[in-house]
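**Q**
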């Protein structure tokens, strides 16, 4: 892996710790792809126009998750909710009931239940 | 208006990814435009960090009606971001913002490229900003709360 700029490493410290914790402990191949892809995106791809990981039409409840800048995330369900998170850690721990979902489940648990179906890795606007 | 990879320091962009919506305006001497990404109707994409000739770009909310963000540019590079389209929970010792409350992100440059730091918590508008940009925020969305 290429050497990460120290300032960037400090910025990403919570997520780098998460990626390290997840490594080797993935529950599925799709989970491995999710974490390893986002790790590379956070380290290499500053997204000023946002990276659309999941949009409303990609799932049955209208959930959206987009990466912004290095490691900030915006998430919500349809037009009902819109929350901003300062790290992937924070985004994955978000209780979807707060967003208007019918059950108390974290974003990570919800993604795992569907085995990351609907997640896209090729919609970073800055890569157009 | 294009992205960071299309910005041409001499002027313009190698590729234009945004178009103007509605009428442009000049408010307190600043050129203001509402932008939307070409071929996108869900208004999810962020505003570019580089401008063409405008001083302020405004972003429409996902409802397609109201404006939820304004970016201020100096010498074509973004310097301030005013957001009010989402809840932003502040870290300990920092304010939290509900949707509709304007919070300010200061942008910076690294090697000439505009960047944003997630560790720097947003803040309320200061008095100078309210004087200079308040009319623009009110033009963008009369319901936005500045302090």
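Chains as they are written, first to last, in the numbering used here: chain A, 1 to 128; chain B, 1 to 147. C-beta: ideal position from N, C-alpha, C; glycine also. All values reported here derive from a predicted model rather than from experimental measurement.
1) State the Cα-Cα distance for the pair residue 16 of chain A and residue 32 of chain A, rounded to the nearest angstrom.
2) Would you say residue 52 of chain A reaches chain B, if we count a Cβ-Cβ gap shorter than 8 Å as a contact?
3) Are the Cβ atoms of residue 124 of chain B and residue 104 of chain B separated by less than 8 Å?
4) Distance, Cα to Cα, residue 26 of chain B vs residue 42 of chain B?
5) Give the list of continuous alpha helix (DSSP H) stretches no shorter than 4 residues that lie fully inside the segment 8-74 of chain A.
6) Could you tell me the alpha carbon to alpha carbon distance between residue 25 of chain A and residue 20 of chain B, rounded to whole angstroms?
7) Could you tell me whether the Cβ of residue 69 of chain A comes closer than 8 Å to any Cβ of chain B?
8) Could you tell me the distance, in whole angstroms, from the CA atom of residue 11 of chain B to the CA atom of residue 123 of chain A?
9) Which residues in chain A sit within 8 Å of residue 44 of chain B, going by Cβ to Cβ distance?
10) Grouping DSSP H, G and I as helix and E and B as strand, with all else coil, what is residue 4 of chain B?
11) Under 8 Å, Cβ to Cβ, is there at least one residue of chain A near residue 69 of chain B?
12) Residue 117 of chain A: which of A:41, A:48 and A:53 sits nearest, CA to CA?
13) Can you name, in chain order, every residue of its own chain whose Cβ lies under 7 Å from the Cβ of residue 134 of chain B, other than the five neighbours on each side?
14) Is the Cβ of residue 122 of chain A closer than 8 Å to any Cβ of chain B?
15) Can you grab the Cα-Cα spacing for the pair residue 48 of chain A / residue 73 of chain A, in whole Å?
16) Output, in chain order, the set of chain B residues within a Cβ distance shorter than 8 Å of residue 93 of chain A.
**A** The relevant details are as follows:
1) On the first chain, residue 16 of chain A is found 16 positions in, with the first residue counted as 1. On the first chain, residue 32 of chain A is found 32 positions in, with the first residue counted as 1. Going from the Cα of residue 16 of chain A to the Cα of residue 32 of chain A covers about 15 Å.
2) Stepping through the first chain from its first residue, residue 52 of chain A is reached at position 52. Chain B contact via Cβ: present.
3) Position 124 of the second chain, counting from 1, holds the residue named residue 124 of chain B. Position 104 of the second chain, counting from 1, holds the residue named residue 104 of chain B. Yes. Within cutoff.
4) Residue numbering aside, residue 26 of chain B sits at position 26 when the second chain is read from its first letter. Residue numbering aside, residue 42 of chain B sits at position 42 when the second chain is read from its first letter. Each residue's alpha carbon lies about 27 Å from the other.
5) 13-22 and 29-44
6) Taking the first residue of the first chain as 1, we reach residue 25 of chain A at position 25. Taking the first residue of the second chain as 1, we reach residue 20 of chain B at position 20. Going by the C-alpha atoms only, they are around 47 Å apart.
7) As a working note, residue 69 of chain A is residue 69 in the first chain. Yes, because at least one Cβ of chain B sits closer than 8 Å to the Cβ of residue 69 of chain A.
8) Your numbering for residue 11 of chain B matches position 11 in the second chain. Your numbering for residue 123 of chain A matches position 123 in the first chain. The straight-line gap from Cα to Cα measures roughly 27 Å.
9) As a first step, residue 44 of chain B must be located in the second chain, where it is residue number 44. Those are 50, 52, 55, 64 and 66, listed as they occur along chain A.
10) If you number the second chain from 1, residue 4 of chain B lands on position 4. Reduced to three states, the DSSP call for residue 4 of chain B is coil.
11) As a first step, residue 69 of chain B must be located in the second chain, where it is residue number 69. Residue 69 of chain B does not count as touching chain A.
12) Position 117 of the first chain holds residue 117 of chain A. Measuring from the Cα of residue 117 of chain A, the nearest candidate turns out to be A:53.
13) Residue numbering aside, residue 134 of chain B sits at position 134 when the second chain is read from its first letter. Cβ neighbours of residue 134 of chain B beyond the five flanking positions: 146.
14) If you number the first chain from 1, residue 122 of chain A lands on position 122. For residue 122 of chain A, the answer is no, since every Cβ of chain B falls outside 8 Å of its Cβ.
15) The residue you call residue 48 of chain A lines up with position 48 of the first chain. The residue you call residue 73 of chain A lines up with position 73 of the first chain. If you take the alpha carbons of residue 48 of chain A and residue 73 of chain A, they lie about 12 Å apart.
16) As a working mapping, residue 93 of chain A is identified with position 93 in the first chain. Ordered by position in chain B, no residue passes the 8 Å Cβ test against residue 93 of chain A, which lies about 12 Å from the chain.
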